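In the UniProt record's numbering, the protein residues as written are 1 to 225.
Just so it is clear, CB atoms sit at the ideal spot from N, CA and C, and this is done for glycine as well.
Bear in mind the structure is a predicted one, so any value in this text is a computation, not a measurement.
Note sheet for the following structure.
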């Protein structure tokens with residue numbers, strides 16, 4: 001499900017949902033910044049490929065398109081490292097309960113892929129429910145929640161009932177196919193965890209699609225040269 005074109009222009013200041021070291025935050029930000037740099041180089045290559053194609057330089061357009069694709073792979077790799085890193089930090093033993101997944105710091109597409117994988121694993125092992133921490137959107141553009149609507153959409157796609165918990169930064173998902181009328185009481189929070197409040201931490205915004213119709217056209221043309 002994840003898009004291969006994850007743009008980094010709206011990265012928030014902090015994405016940790018617990019007390020974190022400056023070194024951990026710096027590493028996360030470093031990886032996202034590297035991804036953003038690769039995205040900018042990719043866009044530049046595709047722009048120049050389009051210009052080359054328009055002036056009849058097919059070989060130059062193909063070379064620039066291939067270079068753009070290399071930067072795309074770099075962007076994907078850095079974003080994957082950042083996503084995995086923040087997930088390990090926010091979901092380390094003692095920071096969340098075994099029946100909980102914390103999606104702070106993830107782009108929407110990243111969060112959706114992680115959640116679907118966790119749901120399928122838990123269903124295969126006979127687990128009955130999952131608490132999903134999505135945040136309240138306090139630090140998103142316009143204070144609009146980004147993750148919650150996508151989590152709810154995924155649950156509907158998978159035929160799973162769900163309900164917003166008392167802390168509206170969390171969603172309770174029934175994995176057994178049953179109906180959720182009222183979610184159970186919130187589980188006790190491990191020490192130092194914010195439970196979806198965000199604790200002043202910023203959420204990355206929903207990624208924007210990088211390649212417009214022009215870029216797709218250029219890549220398609222170059223492939224047949």
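Does DSSP put residue i in a helix, a strand or coil?
{"i": "residue 170", "result": "strand"}
{"i": "residue 57", "result": "coil"}
{"i": "residue 102", "result": "strand"}
{"i": "residue 149", "result": "helix"}
{"i": "residue 136", "result": "coil"}
{"i": "residue 179", "result": "coil"}
{"i": "residue 68", "result": "helix"}
{"i": "residue 158", "result": "coil"}
{"i": "residue 21", "result": "coil"}
Run through the DSSP bridge pairs and tell me what residue i is partnered with.
{"i": "residue 130", "result": "173"}
{"i": "residue 93", "result": "96"}
{"i": "residue 164", "result": "171"}
Under 8 Å by Cβ, that's how I've got residue i and residue j pegged, so tell me the actual separation to the nearest angstrom.
{"i": "residue 116", "j": "residue 154", "result": "6 Å"}
{"i": "residue 42", "j": "residue 68", "result": "5 Å"}
Would residue i be called buried (16 or more neighbouring beta carbons within 10 Å of its own) or exposed?
{"i": "residue 54", "result": "exposed"}
{"i": "residue 162", "result": "buried"}
{"i": "residue 94", "result": "exposed"}
{"i": "residue 82", "result": "buried"}
{"i": "residue 176", "result": "exposed"}
{"i": "residue 150", "result": "buried"}
Report yes if the C-beta distance between residue i and residue j is below 8 Å; otherwise report no.
{"i": "residue 64", "j": "residue 88", "result": "no"}
{"i": "residue 262", "j": "residue 130", "result": "Outside the displayed range of the chain (1 to 225) lies residue 262, so it cannot be described from this structure."}
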